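Asker:
Number of protein chains: 2
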Amino acid sequence: MLTLYDYMDSGNGYKCRLVLAHLGIPFKLVLCDILKGETRTPEFLARNPNGRIPTLQIEDDTFLAESGAIIWYLADGTPLAPTDRKARAETLQWMFFEQYSHEPNIAVARFWKHYLPKLSALQEMDLPNRMKNGYAALDVMEKHLARNAFFVGGSFGLADIALYAYTHVAHEGEFDLAPFSSIKAWMSRVAAQPNHVTISHKN
Amino acid sequence: MLTLYDYMDSGNGYKCRLVLAHLGIPFKLVLCDILKGETRTPEFLARNPNGRIPTLQIEDDTFLAESGAIIWYLADGTPLAPTDRKARAETLQWMFFEQYSHEPNIAVARFWKHYLPKLSALQEMDLPNRMKNGYAALDVMEKHLARNAFFVGGSFGLADIALYAYTHVAHEGEFDLAPFSSIKAWMSRVAAQPNHVTISHKN
Chain A
3 MLTLYDYMDS
13 GNGYKCRLVL
23 AHLGIPFKLV
33 LCDILKGETR
43 TPEFLARNPN
53 GRIPTLQIED
63 DTFLAESGAI
73 IWYLADGTPL
83 APTDRKARAE
93 TLQWMFFEQY
103 SHEPNIAVAR
113 FWKHYLPKLS
123 ALQEMDLPNR
133 MKNGYAALDV
143 MEKHLARNAF
153 FVGGSFGLAD
163 IALYAYTHVA
173 HEGEFDLAPF
183 SSIKAWMSRV
193 AAQPNHVTIS
203 HKN
Chain B
3 MLTLYDYMDS
13 GNGYKCRLVL
23 AHLGIPFKLV
33 LCDILKGETR
43 TPEFLARNPN
53 GRIPTLQIED
63 DTFLAESGAI
73 IWYLADGTPL
83 APTDRKARAE
93 TLQWMFFEQY
103 SHEPNIAVAR
113 FWKHYLPKLS
123 ALQEMDLPNR
133 MKNGYAALDV
143 MEKHLARNAF
153 FVGGSFGLAD
163 IALYAYTHVA
173 HEGEFDLAPF
183 SSIKAWMSRV
193 AAQPNHVTIS
203 HKN
């Protein structure tokens, strides 16, 4: 059985849990407290030298890191991952957009504002930048969703899951989603999918 | 013919140029000066709403953004992209690692130190962090390359191209690669591949 090393509040971990739920794949969940350094122990680093959750154990001694790679692995050959070459690339485009332009701003602002008792001087100085870039990422999503029900090919898939994870908790980073009506309608469509689970749902 | 919108000094753009060279695909190169805001004009934003190079025009009105998605699109079905499910996921793992843990530190430090006349107060304060995290990414690569000739499956592929792009110019960010003997040997192997081109090579 697959084992997912994860932290419940992580949107990156939630992407994997969502895909596992949608595909009905049984798995063992091992929770690691990232705030207590449990992903930086020698034992954990042997699983993922980059010291991060989510990490998926796919064989006795084979581990896969990076949420985008994990959900691609899980969904490869299922309707969540397109088979058409262009649609595959468009899915990856949105997944890389999420990891480069969305997560480092929206998820990081959320972590700083919602989880840290106090910001460092650098975080204080950097926060307005993260907020500005986070809103820019939301603008890009809003424009696309004004013309499309889902991110790729008109149907629900990995790109939606990747972008839903931190967008639906963006308010915890004090992002105001009120003006983003297309994003809000899309979030309702994602949450209405059969087999949807919330971020706090275990397996 | 494919059109690549690019900026020669960009490692992200170089990934695309390397894949195009390896596969012998003819393309039209359109250079955009990112320092002069040429990727933020209304015309460019119509191609890529995220306002970034590289952007690949694959059909009259179809554009693909994000270097990772572009090189996957180009290499899909060729020996540069594995067909085995696990190897595909491992390739994506290293490509997401590059965009999340490597590029935002090594490429950003390089941009700040090598291209900006003067750093802002925030950049000055953030730089030690970027250097530390950049070295952590190099450590992860070094450990893997001490046991593997290439990143995935023992042969040259997209993961190597993605990680080579900014690693081979890390010295421009004042990263000292001297202690990273496995990375240096791997860079020589990458540069020795047939059809390799340098970052300054046009088409």
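Sequences listed follow chains A and B, in order. With this note's numbering, the residue at position 157 of the first sequence is 159, and numbering never jumps. With this note's numbering, the residue at position 159 of the second sequence is 161, and numbering never jumps. All residues carry an ideal CB built from backbone N, CA and C; glycine is no exception. Quick caveat: nothing in here was measured; it's all calculated off a predicted structure.
1) Could you tell me which chain B residues have their CB closer than 9 Å to the CB of P51 of chain A, listed as they occur along the chain?
2) Could you check which residue in B:G70, B:H173, B:K115 and B:E176 has the C-alpha nearest to that of L94 of chain B?
3) Indicate whether the contact test is met: 3 or more Cβ pairs, each with one atom in the region 106-119 of chain A and one in the region 162-182 of chain A, closer than 8 Å.
4) Is there a Cβ from chain A that is less than 9 Å from the Cβ of Y75 of chain B?
5) Indicate whether Y168 of chain B and G39 of chain B have their beta-carbon atoms separated by less than 9 Å.
6) Beta-carbon within less than 8 Å of V32 of chain B's beta-carbon, same chain only, minus the 5 sequence neighbours each way: which residues are those?
7) Give me the DSSP bridge partner(s) of S103 of chain A.
8) Check whether the region 188-203 of chain A touches the region 130-141 of chain A, taking contact to mean three or more Cβ pairs, one atom from each stretch, closer than 8 Å.
9) For T93 of chain A, name the three-state secondary structure that DSSP assigns.
10) Can you look up F180 of chain B in the DSSP assignment and give me helix, strand or coil?
11) Mark P28 of chain B as exposed unless 16 or more other C-beta atoms lie within 10 angstroms of its C-beta, in which case mark it buried.
12) For the 8 Å Cβ check, are there 3 or more pairs between the region 73-88 of chain B and the region 131-150 of chain B?
13) So which residues on chain A does P81 of chain B lean against when the C-beta distance must stay under 8 Å?
14) So A67 of chain A packs on N50 of chain A, CB below 8 Å; how close in whole Å?
15) Compare the C-beta of I60 of chain B with all C-beta atoms of chain A and state if any pair is closer than 9 Å.
16) Taking Cβ-Cβ distances below 9 Å as the criterion, which residues of the region 106-117 of chain B are in contact with chain A?
17) Measure from the C-beta of A194 of chain A to each C-beta in chain B and report whether the shortest distance is under 9 Å.
18) Since T85 of chain B is in the alpha helix (DSSP H), which residue starts that stretch and which ends it?
19) Which partner residues of T5 of chain A appear in the DSSP bridge assignment?
20) Given that a residue counts as buried once 16 or more other Cβ atoms are within 10 Å of its Cβ, and exposed if not, what is E214 of chain A?
21) Can you confirm whether K120 of chain A, when its beta carbon is compared against all beta carbons of chain B, has any partner nearer than 9 Å?
22) I'd like to know whether the C-beta of L3 of chain B is nearer than 9 Å to at least one C-beta of chain A.
23) Would you report the Cα separation of H198 of chain B and F152 of chain B, rounded to the nearest angstrom?
24) Does R19 of chain A get closer than 9 Å to chain B when you measure Cβ to Cβ?
25) Starting from D128 of chain A, find everything on chain D with Cβ-Cβ shorter than 9 Å and list it in chain order.
26) Taking only the alpha-carbon atoms, compute the straight-line gap between T43 of chain A and F182 of chain B and give it to the nearest angstrom.
27) Is there at least one Cβ from chain B nearer than 9 Å to S103 of chain A's Cβ?
28) For R90 of chain A, go through chain B and note every residue whose CB falls closer than 8 Å to its CB, in chain order.
29) Counting only Cβ pairs nearer than 8 Å, list the residues of chain A close to R87 of chain B.
30) Mapping DSSP to helix, strand and coil, what is A194 of chain A?
31) Which residues in chain B sit within 8 Å of E1 of chain A, going by Cβ to Cβ distance?
32) Alpha carbon to alpha carbon, how far is I163 of chain A from G26 of chain A?
33) Hey, out of B:I55, B:A48, B:N52 and B:G53, whose CA is closest to T64 of chain B's CA?
34) Going by DSSP, which residues form a beta bridge with F65 of chain B?
35) Please state whether DSSP places V207 of chain A in a helix, a strand or coil.
36) Residues of chain B with a CB under 7 Å from the CB of G70 of chain A: which are they?
Answerer: Reading off the structure:
1) D141, V142, K145 and H146
2) B:G70
3) yes
4) yes
5) no
6) T5, L6, Y7 and D8
7) Answer by DSSP bridge pairing: none, since S103 of chain A is not bridged.
8) no
9) helix
10) For the record, residue 180 of chain B in the displayed sequence is Ala; it is not Phe. Looking at A180 of chain B - three-state DSSP - the assignment turns out to be coil, as it is neither helix nor strand.
11) exposed
12) no
13) What P81 of chain B touches in chain A: nothing, since even the nearest Cβ is about 16 Å away.
14) 4 Å
15) yes
16) P106
17) no
18) Per DSSP, T85 of chain B belongs to no alpha helix (DSSP H) and is neither H nor E.
19) A:K30 and A:Q59
20) The requested residue 214 of chain A does not occur in the structure, where chain A is confined to residues 3 to 205.
21) no
22) Residue identity check: residue 3 of chain B is Met in the sequence provided, not Leu. Chain A, which has no Cβ nearer than 9 Å to the Cβ of M3 of chain B, makes this no.
23) 15 Å
24) no
25) In the structure shown, chain D cannot be found, because the protein chains are A and B.
26) 23 Å
27) yes
28) W74, Y75 and D78
29) Y75, D78 and G79
30) coil
31) The structure shown has nothing for residue 1 of chain A, since chain A only spans 3 to 205.
32) 15 Å
33) B:A48
34) B:Q59
35) The structure shown has nothing for residue 207 of chain A, since chain A only spans 3 to 205.
36) L94 and F98
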